[in-house]
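The numbering of the sequence shown is the UniProt record's numbering, which starts it at 1 and goes up by one.
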Amino acid sequence: MFHIIACCPAKHLEHSLTSEYAFAFSNTGTVDIEYAWQINMDEQYPVRSVANYSSRSRRNDARSKITSLTSHEHRQRHNPSFVGSVKSNRRQLLSSRDNLIEVKPTARQCGPSDLFSSSAGLTERSSDSWLESDDLPFGIYPEKGILSPDESVECVLRFSPVDVFDYKAYLTCKMENLDPELPELVIPIVGRSLLPYCHFDIPESDYLLGDRRDAKLPGPIGYQPDDNSLPEGTRVIELDVIGIGGSHVIKFRMINPTSDDYHFAWEDRTRHAEGEIPKFHCTLPEGIAERGKQVDFAFTFLAEDIGIFESFWLFRVEKYNLECFFLFVATVREPSVCCSLAHLKMRPTVLGTNVRGSVSIINNEEFQISFHIARDSLYSEGRLQHLKITPMSGILPAKSEQIFWIEYQPTLVGEFQFSVKCVVKRMKALLTIFVTTTTYDIIVSVTYVDQNGQIARLNQNKENIIDYGKLMLKTPVTITFEIINSSKMTLYYSWDLGMTSEIISRNMYTIAMPQTQDHVLSESRSNCSLIVTALQKTVIKNHPILLKISRGPTYRLILKATANKPILEFSFNYYDFGPCYIRNVTPYHIDLRITNSDDVPYILECKFEKKPHISVNLDALSETIIARSSIIVPITFRPLEQVHYRDDLHFIINSTIEKKITITGEGIIHKIRLVNPRDKSVDLGNLPINKIATKKVPVINDGRAALELKFDLMKNLPGYDRFRERFQICPDKIDQENSKKDHTRASISETKRSHTLDVTLQTVEPDLSEVLEIEPAESIVLQPGKIANVVVKYKSTRRMRPFVVKMAYQTNSMIQPLFILRGSCIGAEFRLNRTYVPFGIVVQRCLSETKIVLLNTGDIGVRFKWNTSKLPSDFSIAPAAGYCSPGMDVNFVVSFRPTQHDSLIEGNATLEIEKYGDLSVRITGASCKLPDPVDTLFFSCRVREKIMRSLNVENDTATPWKLKPEITGDYFFVDEVLHVPSKKSATCAVTYAPLVMNSENNHHEGTLLLKLPDDKAPLVYCLRGLSLPPQVLQRITRQFPAKTKYTELLPVYNWLSRQQRFECKIVNTNGNEPVENVKVFTFIGNSKIDVPANGQRDYRAEFYSYKESKYNFKETIGVEYRPLHPAEETAVNLDINCEELGLFPYELRLRAIPAPAEKTTHVVAVLGGSTTFSLTISNHARKTAVFAIKVNNECFTTPKNVEVPALKNATFDVTYEPCDVDNISATLTATSEIAGEFVYDNSQLRWLNPS
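1. Should the region 831–850 be called in touch with the region 921–932, which here means at least 3 C-beta pairs below 8 Å?
2. Can you tell me which residues form a DSSP beta bridge with residue 438?
3. Which residues bound the beta strand (DSSP E) around residue 504?
4. So residue 596 packs on residue 628, CB below 8 Å; how close in whole Å?
5. Could you round the C-beta distance between residue 332 and residue 236 to whole angstroms and report it? I think they count as a contact, below 8 Å.
6. Given this structure, state the Cα-to-Cα distance separating residue 1167 from residue 665, to the nearest angstrom.
7. Which residues bound the alpha helix (DSSP H) around residue 768?
8. Look up residue 1213 in the DSSP assignment and say whether it is helix, strand or coil.
9. Can you find the residues in the same chain that come closer than 7 Å, C-beta to C-beta, to residue 949, ignoring five residues on each side of it along the sequence?
10. Are there three or more Cβ pairs, one per stretch, closer than 8 Å when the region 452–469 is compared with the region 424–431?
11. Pairs of beta-carbons, one from the region 194–212 and one from the region 385–399, closer than 8 Å: are there three or more?
12. Suppose the cutoff is 6 Å on Cβ atoms and the five residues either side in sequence are ignored; what does the same chain contact list for residue 1174 look like?
13. Roughly how many angstroms separate the alpha carbons of residue 933 and residue 1011, rounded to a whole number?
14. Look at the Cβ atom of residue 416, then the Cβ atom of residue 377, and state whether they are nearer than 8 Å.
15. Kindly indicate which three-state DSSP category residue 995 falls into: helix, strand or coil?
16. Starting from the N-terminal side, write out each stretch of the alpha helix (DSSP H) that is 4 residues or longer and does not extend beyond the region 214–266.
17. For residue 39 versus residue 140, is the C-beta spacing smaller than 8 Å?
18. Pair every Cβ in the region 983–1001 with every Cβ in the region 1022–1030, then say whether three or more of these pairs are closer than 8 Å.
19. Grab me the residues of residue 1048's own chain with a C-beta within less than 6 Å of its C-beta, minus the 5 sequence neighbours each way, in chain order.
20. Should residue 866 be labelled buried (16 or more other beta-carbon atoms within 10 Å of its own) or exposed?
21. Relative to the C-alpha of residue 1188, which candidate in 1237, 1224, 155 has its C-alpha closest?
22. Count the other C-beta atoms from every protein chain shown that fall within 10 angstroms of the C-beta of residue 944, then say buried if there are 16 or more, exposed otherwise.
23. Just checking, does the region 283–300 make contact with the region 170–186 on the three C-beta pairs under 8 Å criterion?
24. So residue 465 and residue 560 are supposed to be a Cβ contact under 8 Å. How far apart are they, rounded?
25. Less than 8 Å between CB atoms is the rule here; does residue 141 satisfy it with respect to chain D?
26. Judging by CA-CA distance, which residue of 1081, 31, 364 is the nearest neighbour of residue 1045?
27. Taking the alpha-carbon of residue 19 as reference, which of 160, 276, 347, 1084 has the nearest alpha-carbon?
28. Per DSSP, residue 926 is paired with what?
29. In this structure, does DSSP put residue 378 in helix, strand or coil?
30. Pick helix, strand or coil for residue 383, following the three-state DSSP scheme.
31. Below 8 Å on the Cβ atoms is my contact criterion, and I expect residue 875 with residue 907 to pass it. Report the Cβ-Cβ distance as a whole number of Å.
32. What are the boundary residues of the beta strand (DSSP E) that includes residue 644?
33. To which residues of the same chain is residue 130 closer than 7 Å at the C-beta, ignoring the five residues directly before and after it?
34. What residue range is occupied by the uninterrupted beta strand (DSSP E) comprising residue 600?
35. I'd like to confirm the pairing. Which residues does DSSP put opposite residue 971 in its beta bridges?
36. Name the two residues that bound the continuous beta strand (DSSP E) containing residue 303.
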């Protein structure tokens, strides 16, 4: 259910304008409604209007058709109460096609007509100019949507005609889910567009519609409504004016679209006050508007004030009794000109000193404006002070700013206010800039402390006598002057010390001051030190000195003093110890000699307190210094920190004269470092026994003083015990660290494998002091910037575990680590995990196996081989030979299969290890006869098939059995373990799977042995098997036309877990040979095919016959075995599937033995030189392999890894550099997890004498 409420204000339209009508569309049902509006023009419209559309009768008739639609003067939005009031009429609304929305002009009942007259619609244009394809004059928004139950939406209908016609259309609403009983909603729409008598080309204004007009403003003359509204249809023309003092013109035009000329007139209807001059004036108050032409109008406005000004004018055309009010609105505002700073406070100054500041005036308008400064505004109150401003007049550029410079020259002390006025054209108000200036007076005083300890003040009006009294030669005497600034300004001062060129050339005395020019902040103080030093015996009399205060007074000083020869002579007044190492055991020392050259004794005192870094022995000052004698004052310096030290020793002679001795020094730290940072870890290598390795490590002294050094292993240095005592907070940590350094892992390989300490070395390791020789062995003195070479030589006569020790240096009592030494002495070491293997009693012709392990706990990999010459044939060991890498374990399987009854079978096997001692193992065992069989099991099946027979085993004990059945004979199989529960029986299944055929006289034989626990008699069963010929499952027969190629796809299966290659052969079984070498057919296929692991591929065979015939062929597929790693014997099941012969199962027993060593390479090199040769390595695997290269001799240099593509060869270089006069043999091993191991053995290498 739905409902529509239409709101249609009656408006007249000028063509090309738009009118809108709103109505509410509501869903009063219980389901969602999806709607879509469509507008269809009536076929008879548009048409020309031939009757007076504005007559009352036509209007009333039209209104009578709007039976259930309400017209309002404004849009009324939907509300629930309004919807509820019209729900009862919704059925009549939907069923009536007479419901009409009428869009039409409104006619007045009396009085003059408006701009839209009924006769204005009578033009000469016809309806033929409107085409069916033109845009419709009607539109609606929204066009479609979805309404929920009890929801409404406001729809807006627009009428936008583009020509002068009467229009009629139908508004149709398409709705989903509409009640079938309700008809489709169709609303007729009519409208008319009119042509005006006159058309004014003026912009639209919202002055009235937007409620911008003040309702209290008066209306036009002759119109006084009750609600203070304006006449209907009043047109508004607005004018924006910036600034006052000028006239402005409003121009617009009018078009006469009619076919007649007519007279028009403008009449001012504005309410003016008495004596008021109108602000608006019409330049063309009346005239003739010619048909089809335009008339230009101009109104002038005089802007005299800021605000909004209105003027009402009535436009009249008497011929058509046409009138229309026009409201002219002028808005006048000030230009947007402002100051960047409203108040400028200039910095304080003093009398006689000018100060300057600046301020900007900003013009934000789009045009330039002139300005000038009012001269009377440049004076302060009472015209006591005056400002200068630049510029005084000029032009403010558009969208820019003008900088004004303000200068002030004070003549009075105090604060003054200025109000600077700037006159800007078109601005009613003046721009005012407030300026504040402050002027201070200089208030200063100068004091010092005289010889009597009294504070004296300098007088600026007379000379000031400064008496230094008696001076000691070459001893500076200082008088400190304090300058006090009590004013509000910072003052500047300068000293003129009066040191003329004549005084300087005489070199009798010097006068100095560190700060001859400086400043004193307001209300603060500053000290100046005047230093006088007498160089010779002299009298200073009337020496002038001036102190000048900027913008203030000048003080005159007269200096007086007397200088005599020194009474006591000191060997130095200043001594610098220079750079000294901190916390040195031996302190730095200097003696101060004091000599009395006078004939009378003197009492000398010293004011000094002992400090941690310096000490002075003042015992010699306890007695009087007799005439013509000297004393020694020892001074000791020991820096504790890395800082500069300065200490003063104050000596007082006879309690009156003071002598100052300055002692300076600098604390520095040791800067002993390695020249090459890579030497922080020195690797001596893994040396063979009795080989020597030498490493040279340069060390530099980056300190600023010489240093005595002792190089050695840290724990061997003399001060190591004191060094440990210094770290008593963590003694366990040091012991643990030394333990880690000295007691390292057993070997490099074993460290990586087990991370355990080797406590089973066959030799006793030497001490590091015995195998390491360090030079220089004694202490040396290393000067600053110099380099000393620390040489480490390593040679061991026995195998040593890898060691890591710290190399350090010692200076005095300090020990500092320098670098780390690493090394080891490598050797071979092997052992077996057991040397005795007892087998016990084994049934005759039965097999028993056990394992022994070879452990390589050394550092070298070698080849090995078992010598079983002293071992009975009943015993066997596998593998019999091989190679054992460092840290590798090799597992051996020892088998015992007795062939005859014997109570004791024993023997010894020797493991021969290359370049190492032999390891022996003793093996013993016994055998018993096979008991009589319990029963015989017979089997019979076709070849390459299998059959299974079962037998019961009963357990009459209370303990469950775990039996390991032993079976002999080919093609018989049984489970490895048989579980028999207590007091129950279990089934033992025996499988017979023959791969070859036999006959009735030649059965396959075997034995099944079940050993029972608790010394029970074993159960023996005889096995007999008969293998019958295979059965042909299918024969492939193909028939096809001659001279036509035929392709047969034969499936080939691979049940193994790795890829296999099959060799393929095609054999003609007919025996027909071609006549005279003429081929009558071809049957070809690939000779090999690769089948992926656990996969299947089709073998493609192509046959072509040149004539009609019959042929028989046999396809043979072979298996290729190429191992990449050594492996024990394994059984592999190979099944070949053929459509003719069925399934062919095979058991392949495969064993991969280690590959032989590569060809021996002979290399010759000169001692001290090197030679490079190449080795080739092959990758037989089907993917890229990475080989790890290892060589058991340090004289060879090889790459760590070599990458070889699949099924390719690669070459790598080996460099041989002999390090001793000896012929050697080395083994190089290339190992890959993918492609196996390659051994280049017994490379005979020898050296040549360089001569």
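No residue lacks a Cβ here, since even glycine has one placed at the ideal position from N, Cα and C.
All values reported here derive from a predicted model rather than from experimental measurement.
On the basis of the supplied data:
1. yes
2. 415
3. Careful: residue 504 lies outside any beta strand (DSSP E), inside the alpha helix (DSSP H) at 501–506.
4. 7 Å
5. Rounded, the Cβ-Cβ distance is 17 Å, inconsistent with contact.
6. 57 Å
7. 768–771
8. strand
9. 937, 939, 990
10. no
11. no
12. 1211, 1213
13. 13 Å
14. no
15. coil
16. none
17. yes
18. yes
19. 1101
20. buried
21. 1237
22. buried
23. no
24. 7 Å
25. This model lacks chain D altogether, as it is built from one protein chain only.
26. 1081
27. 160
28. 841
29. helix
30. helix
31. 6 Å
32. 644–653
33. Here residue 130 scores only 45 on pLDDT, less than 50, and its place in the model should not be relied on; the value that follows carries that caveat. Only 46, 163, 165 meet the Cβ criterion.
34. Counting along the chain, residue 600 falls outside any beta strand (DSSP E), and DSSP gives it neither H nor E.
35. According to DSSP, residue 971 bridges with nothing at all.
36. 294–303
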